[in-house]
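As structure tokens, the structure follows; a few thoughts come after it.
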Amino acid sequence: MSIRIGIVGAPNKGKSTFFAALTKIKVDIGPYPFTTIDPNIGIAYLPVQCVCNELGVRCSSKYCDGKTRYIPIELIDVAGLVEGAYLGRGMGNKFLDELIKADGFIQIIDASGQTDLDGKPAIDFPLEKEVVFLEKELLEWFKEKISKAYAKFKLKTINHAQKELSGLKISLADLQQVCNKLSIDPQRIEIKDDKLDLFAKELLSQRPIMIAANKADKPGVLERIKKFQTRTFIELVPTSAEYEYTLMLAKEKGYINYTPSENSFQIISEIEQEKKEALKKIEEFIKINNGTGIYTILKKLIFEKMKMIVAYPVEDENKFTDSKNQVLPDAILIKQGTSVIEFAAKIHTDLAENFVMAIDAKTKKNISKQYIIKNNDVIKIISAKKAKGA
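Each residue of the sequence shown is one higher than the one before, starting from 10 at the first, in the working numbering.
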């Protein structure tokens, strides 16, 4: 699994419900702090339009329904962070150590204002305090980790620095980008004391945060979110994890036909009037909000903030198949700007090390290792040596 997303926030914001709705995993859910102690790890499926539609073929992959491709994404849900988590309050260091393995974050806030940063009942708790809370906690913790590591790579090369920072999941490319931005010599890294905080902040910014304004289904909350965004220009995505979770359960019980990420569903069996009224309430919300919002924010984080695209590796550029004659078996998320040789390395190091050339399966044209892959490209890698296990 190449991408991991952290589901984070203060206690009692709906994180575990959000996680359960995306992963279909039943977890402990409750209105009290630290419902989650050990991290929950599961797989969500990112829906995208499959390239099989464009090519006029039918995928062999179990992750394609003939129209939509569902790309596996790893999610991690840790216990609610409280103020001072970076100092160890509320087992904060333990939870932050788990979170740093993530490539991006979805911060869950209570947009209704009915809980404070400790997860206790509140009235009209300010959205501003919720929004800035997570970034501050992550940054303070991250700065401390970077500061300790810097003592070991000061005046050394970027490669040495990357080894010292590998535990924080910082890549050589991330370091190179930050060094370029801050005019730091990658062959002799020296960071002035007043720039160390900025260095840490820039590295942390490689892992974007999107904010889920959860509990948006409650009365007046959509308007509250709208006013906040107009005033601050901070992007929030209105979500109702509870509604998505309810739809998931209703589908499992055979009450409804529902495709996750859609803004409609159909009741397909006889149900009690009480359940029918509850589903009607959900239907009204998802029409106004264009869905429950939880897949909206997942897509926005991955494609807009993390700047990912989808590419499909094949072995036969005419049939769009792999060595087992499976049509478009894999859909891989890669960063915008990824070259063919980098794509080859992502599939298997042997393919990159023995790279000869590549073929654009759509146009049948040969492409070089410097070619920058575009979204929905279908690529055949030709190697002098077949990758082991390929």
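Quick reminder that beta carbons are idealized off the backbone N, C-alpha and C, glycines included. In this text the structure is predicted, and so the values were computed from the model without any measurement.
Rank the options by C-alpha distance to the C-alpha of residue i and give the top, closest one.
i, options, result
"I368", "E351, L342, V323 and N384", "V323"
"F270", "S180, I132 and Y79", "The identity of residue 270 in the sequence shown is Ser, whereas the question assumes Phe. Comparing Cα-Cα distances from S270 to each of S180, I132 and Y79, the minimum goes to Y79."
"F294", "E232, K138 and I277", "E232"
"L401", "I82, G75, T255 and T358", "The structure shown does not extend to residue 401, since the chain spans only 10 to 399, so no value can be given for it."
"A170", "D194, W150, K204 and E149", "D194"
"D206", "I115, E107, E153 and V246", "E153"
"G113", "F151, L310 and D106", "L310"
"A131", "S192, K22 and I52", "K22"
"K383", "A361, E362, N375 and I343", "I343"
"F151", "N168, L105 and T268", "L105"
"P247", "L136, K71, F208 and I85", "L136"
"Y252", "Q282, E279, K290 and F242", "K290"
"D325", "F352, A370 and L256", "A370"
"F208", "K165, Q238, I155 and N168", "I155"
"N385", "T358, L360, F312 and I350", "F312"
"C73", "Q215, T268, I234 and S278", "T268"
"N49", "N298, L84 and I280", "L84"
"I297", "S332, A353, E261 and S249", "S249"
"N327", "T372, Q215 and V57", "T372"
"E107", "S332, Q215, K285 and D47", "D47"
"S11", "A354, E292 and D133", "A354"
"F237", "G346, E281 and F134", "F134"
"K165", "T32, F352, Q196 and E281", "Q196"
"S24", "I115, G263 and K71", "The identity of residue 24 in the sequence shown is Lys, whereas the question assumes Ser. When only C-alpha atoms are compared, the closest one is I115."
"N363", "G346, S278 and K394", "K394"
"G346", "D331, P20 and A182", "A182"
Can the beta-carbon of residue i be found closer than 8 Å to that of residue j?
i, j, result
"I16", "F27", "yes"
"F162", "I198", "yes"
"P392", "V365", "As written in the sequence, residue 392 is Ser, which differs from the Pro given in the question. Their beta carbons are under 8 Å apart, which means S392 touches V365 by this criterion."
"L126", "V87", "no"
"G18", "I117", "yes"
"I388", "A287", "no"
"V187", "E149", "no"
"C61", "T77", "no"
"K204", "L191", "yes"
"A361", "I350", "yes"
"I167", "Q185", "yes"
"V140", "I243", "yes"
"L174", "A160", "no"
Measure the beta-carbon distance from residue i to residue j and round it to whole angstroms, keeping in mind my assumption that it falls under 8 Å.
i, j, result
"L213", "L147", "6 Å"
"R240", "A111", "The Cβ separation is near 29 Å, so there is no contact."
"G128", "G89", "6 Å"
"M315", "P217", "6 Å"
"Y254", "A30", "4 Å"
"I390", "I356", "7 Å"
With a threshold of 7 Å (Cβ to nearest heavy atom), would residue i be considered close to the ligand SAH?
i, result
"D359", "Ligands displayed in this structure: none; no statement on the ligand SAH is therefore possible."
Is the stretch 327-341 touching the stretch 51-67, taking contact as three or more C-beta pairs under 8 Å? yes
Quick test of the definition: if touching needs 3 or more C-beta pairs under 8 Å, does the stretch 220-237 touch the stretch 114-129? Counting Cβ pairs under 8 Å, three or more are found: they touch.
Do three or more CB pairs link the stretch 337-354 to the stretch 293-307 at distances below 8 Å? no
Sufficient close CB pairs (3 or more, under 8 Å) joining the stretch 213-226 to the stretch 294-302: yes
Any chance you could list the beta strand (DSSP E) runs of at least 3 consecutive residues sitting entirely within the stretch 171-243, in chain order? 218-223
Pick out the complete alpha helix (DSSP H) segments inside the stretch 325-391, 4 residues or longer, and give them in chain order. Listed in chain order, they are 349-356 and 358-362.
Stretch-stretch touch, CB-based, cutoff 8 Å, three pairs: the stretch 177-189 with the stretch 259-276: no
Restricting to runs no shorter than 3 residues, where is the beta strand (DSSP E) found entirely within the stretch 113-179? 113-119
Which runs of the alpha helix (DSSP H) fall wholly inside the stretch 270-305 and span at least 4 residues, in chain order? 282-298
What alpha helix (DSSP H) runs, 4 residues minimum, are completely inside the stretch 240-265? List check, alpha helix (DSSP H) in window: 250-261.
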